[in-house]
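Chains as they are written, first to last, in the working numbering: chain Z, 1 to 117; chain A, 1 to 109.
A short worksheet on the structure shown next.
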């Protein structure tokens, strides 16, 4: 019963390069969320996706960041032309459903720690 | 906008003592309040949660209380053990899950 999987666990990029972070949700979960955690801070919501749909991207920076959750394969968070301020831990979570009248327990992956040199 | 305030930011207790972490939230539409434990280098792990129609919930040494009128909720850990040492996050969900800033709990043997 594998949990949420994220890879890579650690990623080092130079300024201007691209970073691709992958997330495989728990089995049976079709909702994926991405969060960013800066050192000694809480997690900040970035984006919520279902298969092939972006539901809420209100926490995504306007430029350089994009996310997708294709019909087949993992969800991808892509950061183009990385800058030092992008250095952070990026966590993915998944849930089984997203009924607004229900409660949506989110299970988190181990995170990807991005370092921009 | 939506906000969750968490206090204290650090908490040091002796093994066996109790620990209390408090949070307040701003979005009155919030109806789900989970608590997460995060150990160094790992992702947050859900330890307990409470729904808006319940005032208190207990699970062994952990309890949560919720005061919807005051928009407060708290985590209580009794008989603390060194393995309870971690960063604890509260969160509130109306639409998005909004996290508090975290409390670093240190339990000294």
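Glycine included, each C-beta is placed from N, C-alpha and C at the ideal position.
- A direct Cα-to-Cα measurement between residue 13(Z) and residue 112(Z) gives close to 13 Å.
- Under the Cβ criterion of 8 Å, residue 106(Z) is counted among the residues facing chain A.
- For residue 97(A), the closest alpha carbon among the candidates 77(A), 104(A) and 89(A) is that of 89(A).
- Within the segment 42-63 of chain A, 42, 43, 44, 45, 46, 49 and 51 place their CB atoms closer than 8 Å to a CB of chain Z, listed in sequence order.
- Nearest CB-CB separation between residue 21(Z) and chain A: not below the 8 Å threshold.
- Between the C-alpha atoms of residue 108(Z) and residue 46(Z) there is a straight-line separation of about 14 Å.
- Per DSSP, reduced to three states, the secondary structure at residue 82(A) is helical.
- Under a 10 Å Cβ-count criterion, residue 55(Z) is classified as exposed, with fewer than 16 other Cβ atoms of the shown protein chains found around its own Cβ.
- Within chain Z, the residues 33, 45, 48, 56, 58 and 59 have their CB atoms less than 9 Å from the CB of residue 96(A), given in chain order.
- Within a 10 Å sphere around the beta-carbon of residue 43(A) sit 16 or more other beta-carbons, which makes this residue buried.
- In the three-state reduction of the DSSP assignment, residue 86(Z) falls in the helix class, which pools H, G and I.
- For residue 14(A), there are no neighbours in chain Z by C-beta distance under 9 Å, as the nearest C-beta there is about 24 Å away.
- Distance from the CA of residue 61(A) to the CA of residue 66(Z), rounded to the nearest whole angstrom, comes to 42 Å.
- Residue environment: residue 25(Z) is assigned as buried (16 or more neighbouring CB atoms within 10 Å of its CB, all protein chains considered).
- With the rule of 3 Cβ pairs closer than 8 Å, the segment 9-29 of chain A does not count as touching the segment 23-38 of chain Z.
- For residue 89(A), the nearest beta carbon of chain Z is closer than 8 Å to its own beta carbon.
- Going by C-alpha positions, residue 7(Z) is about 42 Å away from residue 69(A).
- For residue 70(A), DSSP assigns no beta-bridge partner whatsoever.
- Following the DSSP letters along the chain, one finds residue 29(Z) in no beta strand (DSSP E), marked with neither H nor E.
- Cβ-Cβ separation between residue 75(Z) and residue 31(Z): approximately 10 Å, too far for a contact (criterion under 8 Å).
- When DSSP reads this structure, residue 64(A) sits in a beta bridge with 57(A) and 75(A).
- With fewer than 16 other Cβ atoms from the protein chains shown falling within 10 Å of its own Cβ, residue 38(Z) counts as exposed.
- Taking 8 Å as the CB threshold, residue 91(Z) lines the interface with chain A.
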